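Protein chains: 2
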Amino acid sequence: MKQRAITASVLIIGNEILSGRTQDTNLNHISLTVGSWGIQVREARVIPDLEEVIVTAVNDARTRFDYLFTTGGIGPTHDDITTDCIAAAFGVDLVESPEIAAIIRRRPAPPAVMEARMRMARIPVGATLIDNTTGGPQGFRIENVFVMAGIPMVMQAMLGSLEGKLESGPVVRSRTVTAYLGESQIAGALGVIQENHPEIDLGSYPFFKNDRYGTSLVMRGTDESALNAMLEEVKAAIIAAGETPQDVQQG
Amino acid sequence: MKQRAITASVLIIGNEILSGRTQDTNLNHISLTVGSWGIQVREARVIPDLEEVIVTAVNDARTRFDYLFTTGGIGPTHDDITTDCIAAAFGVDLVESPEIAAIIRRRPAPPAVMEARMRMARIPVGATLIDNTTGGPQGFRIENVFVMAGIPMVMQAMLGSLEGKLESGPVVRSRTVTAYLGESQIAGALGVIQENHPEIDLGSYPFFKNDRYGTSLVMRGTDESALNAMLEEVKAAIIAAGETPQDVQQG
Chain A
1 MKQRAITASV LIIGNEILSG RTQDTNLNHI SLTVGSWGIQ VREARVIPDL EEVIVTAVND
61 ARTRFDYLFT TGGIGPTHDD ITTDCIAAAF GVDLVESPEI AAIIRRRPAP PAVMEARMRM
121 ARIPVGATLI DNTTGGPQGF RIENVFVMAG IPMVMQAMLG SLEGKLESGP VVRSRTVTAY
181 LGESQIAGAL GVIQENHPEI DLGSYPFFKN DRYGTSLVMR GTDESALNAM LEEVKAAIIA
241 AGETPQDVQQ G
Chain B
252 MKQRAITASV LIIGNEILSG RTQDTNLNHI SLTVGSWGIQ VREARVIPDL EEVIVTAVND
312 ARTRFDYLFT TGGIGPTHDD ITTDCIAAAF GVDLVESPEI AAIIRRRPAP PAVMEARMRM
372 ARIPVGATLI DNTTGGPQGF RIENVFVMAG IPMVMQAMLG SLEGKLESGP VVRSRTVTAY
432 LGESQIAGAL GVIQENHPEI DLGSYPFFKN DRYGTSLVMR GTDESALNAM LEEVKAAIIA
492 AGETPQDVQQ G
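Residue numbers (my numbering), protein chains in the order written: chain A, 1 to 251; chain B, 252 to 502.
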């Protein structure tokens, strides 16, 4: 029986990404990581730190995909509103997590500072914790939504702790071959090859490198033999166009 | 009279971003560029090369924001479906643009290659062209939607050609100051400062650098005097917490 594809959406929460102050790298890391586990990221959104926008986006994505991964907005300051928004999206209250509170209390601080930090101990009722191997407060999971930090190092630690704990489907594999050709020179052949293999996604990504035009032809799908068959056809098309297939890669 | 804010959404179209094969940089470039013109990017979506998804996302964003900028999917191969999807979203047909066709015909090619290239001359009825100073085929605009290439160098050339041609609102300016403090140490003060200046957005972005914890405090808004007033309050809060405000920047 064919395994069902497991899908995910990513929500990048933070004004600093939309203003251009910060270049997001979390989406790329999440896509590659969960992709290797057999979870396919199908959509991502970048949204500001605004309650109404976050709640709507969470409720939209959690019902359309198997999993939703969020990054950003779970720190101790006034602009960290993600946890409150997740609770609002699920219509539940916030409770203090004794495990997170214990981690926060390990580092002594004056009462006002401790009070700010304890904001990070609040999780929605029904949530479970996501380990944070950097030693800081944990993230949390509620149903199919995973709420992680925005700082890449912390997000990566949290995501890594989920390995092997999520439902997974077939892993999407890839074949890549480079042709030093303009895309148009093999566009016709590629269209035919794609039609012959509807279950494999064939992408053409042009580049200009070392004073030469070329295109990377990327095949992605879950069926290794179909991938290999398509790769042979693409290589033949490159040769038919008068060039040599180069830099074949398997992923 | 207060100028109205002009808002935008960005649609990053392409399987290669969602698979993690390619790290997107177009959103960051668009946000910074149009931001400097007085257009605020309020949301971005990363979506796959699937007609139904693209059409829905285009129609959603073009009605909710003043402008929509799309990148990706306007090349000559079978997986370049953005132009078709934009026409479908607006319910109009495609026509051949004589200006784009002339540019394409400048470089001679065998008939089959030319036919593939001519795919790029198709634009929706009612669209106007977006210059492409790299010398390749143009992008296009239809109503408030701007359709640009995915290759960063080409996208940047197209976007740059729009400077001075779009409606603009007040430019969002910023003040940034660094505090070598844990966020929690000034969280309380920041919350009060934010409440005092609801028209300015105060963000706290923690980092770990040179073996020290710190946070960048970023103030964003269109009122320079309110920004300056908030900056002074934030600096005072850092001093009150026992540290020295550092690296003040104005943007």
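Glycine included, C-beta positions come from ideal geometry on N, C-alpha and C. Bear in mind the structure is a predicted one, so any value in this text is a computation, not a measurement.
Enclosing alpha helix (DSSP H) for residue i [first to last residue]
i: VAL443(B); result: 435-447
i: PRO170(A); result: Looking at the DSSP string, PRO170(A) is not in any alpha helix (DSSP H), and its letter there is neither H nor E.
i: MET155(A); result: 152-160
i: THR63(A); result: 51-64
i: ALA491(B); result: 475-491
i: ILE374(B); result: That residue, ILE374(B), is in no alpha helix (DSSP H); its beta strand (DSSP E) goes 373-375.
i: ILE268(B); result: 266-269
i: THR215(A); result: Not the alpha helix (DSSP H): THR215(A) falls in the beta strand (DSSP E), residues 212-221.
Of the residues the options, the one placed nearest residue i, counting alpha carbons only
i: ARG357(B); options: GLY387(B), ASP311(B), ASP330(B) and ASP382(B); result: GLY387(B)
i: ASP49(A); options: THR429(B), SER455(B) and ALA491(B); result: SER455(B)
i: ALA89(A); options: VAL145(A), MET118(A), SER97(A) and PHE207(A); result: VAL145(A)
i: ARG313(B); options: GLU294(B), GLY286(B) and ALA438(B); result: GLU294(B)
i: PRO457(B); options: HIS280(B), MET399(B), THR429(B) and GLN497(B); result: THR429(B)
i: SER216(A); options: TYR180(A), ASN28(A), ALA149(A) and GLY72(A); result: TYR180(A)
i: MET153(A); options: GLN23(A), ASN132(A), THR176(A) and SER184(A); result: ASN132(A)
i: PHE316(B); options: PRO361(B), GLU302(B) and ALA256(B); result: ALA256(B)
i: GLU52(A); options: GLY91(A), THR33(A) and CYS85(A); result: CYS85(A)
i: ASN28(A); options: ASP462(B), VAL297(B) and ALA372(B); result: VAL297(B)
i: ALA229(A); options: ILE103(A), ALA109(A) and SER174(A); result: SER174(A)
i: ASP247(A); options: VAL218(A), GLU233(A), GLY164(A) and ILE186(A); result: VAL218(A)
i: THR134(A); options: VAL113(A), ALA121(A), ILE103(A) and ARG117(A); result: ILE103(A)
i: LYS460(B); options: ALA121(A), PRO108(A), PRO111(A) and ILE151(A); result: ILE151(A)
i: HIS197(A); options: GLY221(A), THR244(A) and GLY188(A); result: GLY221(A)
i: LYS165(A); options: SER19(A), VAL34(A) and GLN3(A); result: VAL34(A)
i: VAL443(B); options: GLY342(B), ALA488(B) and TYR318(B); result: ALA488(B)
i: GLU233(A); options: GLY38(A), GLY242(A), LEU190(A) and VAL55(A); result: LEU190(A)
i: SER184(A); options: GLY169(A), SER36(A), ASP223(A) and ALA241(A); result: ALA241(A)
i: GLU394(B); options: GLN407(B), GLU418(B), MET406(B) and ALA400(B); result: GLU418(B)
i: GLY433(B); options: ILE305(B), ILE381(B) and ARG463(B); result: ARG463(B)
i: VAL147(A); options: GLY91(A), TYR67(A) and GLY169(A); result: TYR67(A)
i: GLY289(B); options: ILE437(B), GLN254(B) and GLY342(B); result: GLN254(B)
i: ILE437(B); options: ALA400(B), ASP311(B), THR495(B) and ILE305(B); result: THR495(B)
i: ILE130(A); options: PRO111(A), GLU199(A) and GLN156(A); result: GLN156(A)
i: PRO362(B); options: GLU115(A), LEU227(A), LEU231(A) and GLY188(A); result: GLY188(A)
i: ASN310(B); options: GLY342(B), GLU450(B) and GLY420(B); result: GLY342(B)
Expected contact under 8 Å - CB spacing of residue i and residue j to nearest Å
i: ASP330(B); j: LEU202(A); result: 7 Å
i: GLN291(B); j: ALA259(B); result: 7 Å
i: ILE30(A); j: ASP24(A); result: Between ASP24(A) and ILE30(A) the Cβ distance is about 10 Å, and since that is not below 8 Å, they are no contact.
i: PRO76(A); j: ARG141(A); result: The pair is not a contact, with the Cβ atoms about 20 Å apart (cut-off 8 Å).
i: ARG122(A); j: ALA109(A); result: Not confirmed; about 17 Å, so no contact.
i: GLU199(A); j: ASP223(A); result: 6 Å
Neighbour-count burial assignment, residue i, 16 or more Cβ in a 10 Å radius
i: ALA57(A); result: buried
i: VAL125(A); result: exposed
i: ILE100(A); result: buried
i: GLN249(A); result: exposed
i: ASN277(B); result: buried
i: SER476(B); result: exposed
i: VAL171(A); result: exposed
i: THR128(A); result: exposed
i: ILE239(A); result: exposed
i: THR176(A); result: buried
i: ARG21(A); result: buried
i: VAL364(B); result: buried
i: THR333(B); result: buried
i: GLY214(A); result: buried
i: GLN389(B); result: buried
Segment limits, beta strand (DSSP E) that includes residue i
i: GLU96(A); result: 94-96
i: MET365(B); result: Note, MET365(B): premise wrong, no beta strand (DSSP E); alpha helix (DSSP H) at 362-369.
i: THR70(A); result: 67-71
i: GLU43(A); result: 39-47
i: ASP335(B); result: Segment 333-341 is the alpha helix (DSSP H) holding ASP335(B); no beta strand (DSSP E) there.
i: PRO457(B); result: 452-460
i: ASP247(A); result: 246-250
i: ILE325(B); result: No beta strand (DSSP E) contains ILE325(B), which DSSP labels as neither H nor E.
i: GLY390(B); result: 390-393
i: LEU380(B); result: 379-381
CB contact check: residue i to chain E, cutoff 8 Å
i: GLY188(A); result: In the structure shown, chain E does not exist; the protein chains are A and B.
Report yes or no: do three or more beta-carbon pairs, one from the segment 342-350 of chain B and one from the segment 403-411 of chain B, lie closer than 8 Å? No, the segment 342-350 of chain B is not in contact with the segment 403-411 of chain B.
Three or more C-beta pairs under 8 Å: does that hold for the segment 10-18 of chain A against the segment 64-79 of chain A?
Touching, per the Cβ criterion.
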